[in-house]
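Engineer: Chains as they are written, first to last, in this note's numbering: chain A, 201 to 1137; chain B, 348 to 436.
Cβ atoms here follow ideal geometry from the backbone N, Cα and C, with glycine treated the same way.
As the structure is a prediction and not an experimental result, all values here were calculated from the model.
For reference, the structure I am asking about is given below.
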């Protein structure tokens, strides 16, 4: 166990009575409850927490919060994840190691629970620092429902890491007092450990609460690990504070270089000194206040060098100088002396001394002197944290006096308060509030005047030289430079370095003034968020609704292998002992063509239309005439989009003069209902028609094969089943196995076939009855694959498989279904366009592999030549369906081929996955029973 | 996520709605009378203004009714909603 060398004797918010053991890079350490991994490691003198992603340089912790660019660590136990060490609350038994710039995703299933909640409030306050607490208290005092969100475990914001007082009360104590006041109110909710990820339109915000992450292995199983809050607020207050800026100098990326405010947080909040003896380089007055706190906490500060020509306000300089600190204006850090070679496995600070020199207009103008120090602290001033403001659509306005972008206007009801708005803070200030000039430069050259090697974005290893190359390539906008160099694209979103990047870009020849460069857009999420948290409970079986038919139990009992069709689980095939899919499908399709077979067709989309004008409406929807259909009859139809492309197909049953049942493809049922409603509501509201989905009101079995009539006769003894009594494309209301049923003579296989429809809750009874009635005839259950083979053998296309939104009915060889008589229907006008009449349109044809044995690859490209020429290869089309056929005794395929019908009889070629070609013969797509002799059995 | 004021149901989350493109693009009274260019204009050509835009929405996970809205495409602000068949306010 390494003793915590850098822990102060007392002070801080950590609970020294509750030690926690953890392991980092294989070394055992001890910290306290209230530590982050970063603070506990710094207490042990460990600075190095990662290796940079591109340059391979050792990197340490820069900040004390979510803006951390570098200290990404890999947690190994209890669950693998990658987080900045500055945000990882320490827990007992944590095992982590440093990363080489990026971590590794877990290969284990995340065992934790995640969930989501919705919240509505009048006022949402983001940030529980002094400004946020005050805003929340004001709103709550007016009786509003208030939600206050903060990413830290305690409220207080900046008060936690500074020695500030509010109205004479120590900051942390004041904050807890306000929290207690707020929590005593009935309509106020305070969410800590909660980060707002995004601020969207109409004041909709998404926040992530880390509920049990800080408990490690002790996290209770029944509590969700993280919770997503979806919040709709009437008004939002951004009290998001500010981020301290990095300064550019040689060595500013070494372990042992931190921001001044971070060092103060570690000292005052965690009771940890980041070193023994510091040099501070600043371009801002606030760092002087931090130095006072740091010296009081026990850190020796050797020198404060201020890059501004005039330095800080005299009262600040005097106060720091009184503490024995050497304060120099117009000075900068021009080099860092390291104790060891950078490639050694050193874990402590890489700072052994700091070289400082006078600077003027960004150049070194005098000899450098060496100052012994083991830590270098930097402050380039503060950037208001306005990411959420930008998410919300707020504009930014450059304030030259403060060298910062401040909030402008926002179309939403949002206001920004506190440091985020550049407003004076609530905390008690020294009597003399005068400050020195705002920084205008954040970059100090090396001792030799060189700048190119200086690291600007530590997260992405982007140097000044990289930025100069981008501007040299002609890029001027910060957005373009960001994309070219990746500066600002790390998980920290470059929060600490935006101004430094802007300075380098602005500083190039013909560069714009720094304030005239619009900053890069901030986009959600504000901090990295796991997919597990966003998915919440909606993962695994709950990721999408699963729809099953009322015959599902039978399918499971009979060993069905399922396939997903939209949200439906459909039996794909029913293997018998040890059967492979191909064998099962051949057996099933053979049974359907030679005996009797059945499938569960309940997923067929079903829509009932009622109303006096339903026939007229169907005439407008379908390409063929529907209104002439007799009650008791069935007609097949195709519907197109206005552009003439096939949208769906199915059958239409006329149930009564003013009642119709429309069936759709399984996947398109909802789309067809939407389609109908859209036309009825928006174009033809005068039509008296109502459309209702009845897909889940009717359970359906397709009974198929030459033996199907015999089975139906057993099931429905009162039904006249002879071909002349019950002709093709008619339906009858009857009883099947004693169940009220509608039986339709419809075939999707070319065989004699029936669709048996019963009430959904009778589905299981129906399937049991069908199996029992067909047992003596050897009835065979089949799945969707056999259904596909049977229909493809007949050249029946599947919408969405053999069509893709660019295919007309004529392309499918179905000119017969496009009415010439009707004045209009949706799509009709498009069939008169030159494009739909092109002879080289892709048309549906059959393909027979020449060798009689090769099954073509679906999606394989159809080409004219056996040897593929150099690309681009002229493509004639592609294979849309390909199967082995029991009826044909060979494989076959359907394909869309340019000018395909004129090529029937030709030899073409189809590519396979190895880019070899397979010779094929182009044939008519109807390969089985082209005369249609089998449909009457 | 927008808060869309359905004219029948009141303000509801955007996820309950389905977008329907430009409003006031009526299906031609007699498509056969149109030239190819006029028909193509109906099929394929839509305005894409920056600023107020009349468009159609369907409250597909709510009352399932269509309505029209004027939305500022630059800010997503919904300026007004009105019923199908009504003219743009």
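1. Between which two residues does the alpha helix (DSSP H) carrying residue 876 of chain A extend?
2. Near residue 387 of chain B, what residues of its chain come up, given a Cβ to Cβ distance below 6 Å and the 5 sequence neighbours on each side ignored?
3. According to the neighbour-count rule (16 or more other Cβ atoms, all chains shown, within 10 Å of its Cβ), is residue 840 of chain A buried or exposed?
4. For the stretch 400 to 428 of chain B, list every residue whose C-beta sits within 8 Å of some C-beta in chain D, in sequence order.
5. When the Cα atoms are used, what is the spatial distance from residue 336 of chain A to residue 400 of chain A?
6. Is residue 777 of chain A buried or exposed, if buried means 16 or more other CB atoms sit within 10 Å of its CB?
7. Secondary structure at residue 291 of chain A, three-state DSSP: helix, strand or coil?
8. Quick test of your reading: residue 1100 of chain A and residue 1045 of chain A, contact by CB under 8 Å. State the CB separation rounded to the nearest angstrom.
9. How about residue 481 of chain A and residue 450 of chain A: are their beta carbons less than 9 Å apart?
10. Please go through the same chain and pick out, in chain order, the residues whose beta-carbon is closer than 7 Å to the beta-carbon of residue 416 of chain A, but skip the five residues on each side of it.
11. Of all the CB atoms in chain A, is at least one closer than 9 Å to the CB of residue 360 of chain B?
12. Closer than 7 Å between beta carbons: that is the criterion. Which residues of the stretch 841 to 853 of chain A meet it against chain B?
13. Strictly below 9 Å CB to CB, what residues from chain A border residue 394 of chain B?
14. I'd like the list of long-range same chain contacts for residue 361 of chain B, defined as Cβ closer than 8 Å, with 5 residues on each side in sequence excluded.
15. For a contact defined as C-beta to C-beta under 8 Å, what are the partners of residue 324 of chain B on chain A?
16. Write down the C-beta distance between residue 1111 of chain A and residue 1061 of chain A rounded to the nearest angstrom, noting that I regard them as a contact closer than 8 Å.
17. Would you please state the rounded distance, in angstroms, between the beta carbons of residue 901 of chain A and residue 862 of chain A? I believe it to be under 8 Å.
18. Is residue 229 of chain A buried or exposed, if buried means 16 or more other CB atoms sit within 10 Å of its CB?
19. Applying a beta-carbon distance threshold of less than 9 Å, which residues of chain B neighbour residue 624 of chain A?
20. Considering residue 849 of chain A, what are the terminal residues of the beta strand (DSSP E) in which it resides?
21. With a cut-off of 9 Å, does the C-beta of residue 496 of chain A fall near any C-beta of chain B?
22. So, with DSSP's three-state summary, where would you put residue 321 of chain A?
23. Relative to the alpha-carbon of residue 417 of chain B, which residue among B:392, B:391 and B:431 has its alpha-carbon at the smallest distance?
24. Would you say residue 364 of chain B lies against chain A (beta-carbon separation less than 9 Å)?
25. Between the C-alpha atoms of residue 420 of chain B and residue 428 of chain B, what's the straight-line distance to the nearest angstrom?
26. For residue 437 of chain A and residue 326 of chain A, which I take to be in contact (beta-carbon distance under 8 Å), what is that distance rounded to the nearest angstrom?
27. Any beta carbon of chain B sitting closer than 9 Å to that of residue 874 of chain A?
28. Cα separation between residue 871 of chain A and residue 613 of chain A?
29. Could you tell me which residues DSSP puts in a beta bridge with residue 1101 of chain A?
30. For the beta strand (DSSP E) containing residue 1083 of chain A, name the first residue and the last one.
31. Decide yes or no for the touch test of the stretch 812 to 820 of chain A against the stretch 878 to 890 of chain A: beta carbon pairs closer than 8 Å, at least 3 of them.
32. According to DSSP, residue 252 of chain A sits in a beta bridge with which residue or residues?
33. Kindly indicate which three-state DSSP category residue 1030 of chain A falls into: helix, strand or coil?
34. Quick one: Cα of residue 608 of chain A to Cα of residue 445 of chain A, how far?
35. When DSSP labels each residue in this structure, what does residue 1065 of chain A get in the three-state scheme?
36. Going along chain A in order, which residues have a C-beta closer than 7 Å to the C-beta of residue 352 of chain B?
Structural biologist: With the given structure in hand:
1. 869 to 878
2. For residue 387 of chain B, where only same-chain residues beyond five positions count, there are no Cβ hits under 6 Å.
3. buried
4. Here the protein chains are A and B, and chain D is not one of them.
5. Their Cα atoms are separated by approximately 21 Å.
6. exposed
7. The DSSP-derived three-state label of residue 291 of chain A is coil.
8. 4 Å
9. no
10. 278, 291, 292, 293 and 294
11. Chain A contact via Cβ: present.
12. 842 and 843
13. Under the 9 Å cutoff, chain A gives no residues; its nearest Cβ is about 18 Å from residue 394 of chain B.
14. 348, 349, 350 and 351
15. It is not possible to answer for residue 324 of chain B, since the shown part of chain B is limited to 348 through 436.
16. 5 Å
17. Taking C-beta atoms under 8 Å as the contact rule, residue 901 of chain A and residue 862 of chain A fail to qualify, at a distance of about 19 Å.
18. buried
19. Result: empty, since nearest Cβ-Cβ is about 31 Å, beyond 9 Å.
20. Looking at the DSSP string, the run of the beta strand (DSSP E) that includes residue 849 of chain A is 846 to 856.
21. Not closer than 9 Å to any Cβ of chain B, the Cβ of residue 496 of chain A fails to qualify, so no.
22. Note: residue 321 of chain A maps to strand in three-state DSSP.
23. Comparing alpha-carbon positions, the option among B:392, B:391 and B:431 lying closest to residue 417 of chain B turns out to be B:431.
24. no
25. 15 Å
26. 7 Å
27. yes
28. 37 Å
29. For residue 1101 of chain A, which the question treats as bridged, DSSP gives no partner whatsoever.
30. 1077 to 1085
31. yes
32. Beta-bridge pairing links residue 252 of chain A to no other residue.
33. helix
34. The C-alpha of residue 445 of chain A is placed about 21 Å away from the C-alpha of residue 608 of chain A.
35. Residue 1065 of chain A: coil per DSSP, three-state reduction.
36. Taking a Cβ-Cβ cut-off of 7 Å, residue 352 of chain B has no neighbours in chain A, whose nearest Cβ is about 10 Å from it.
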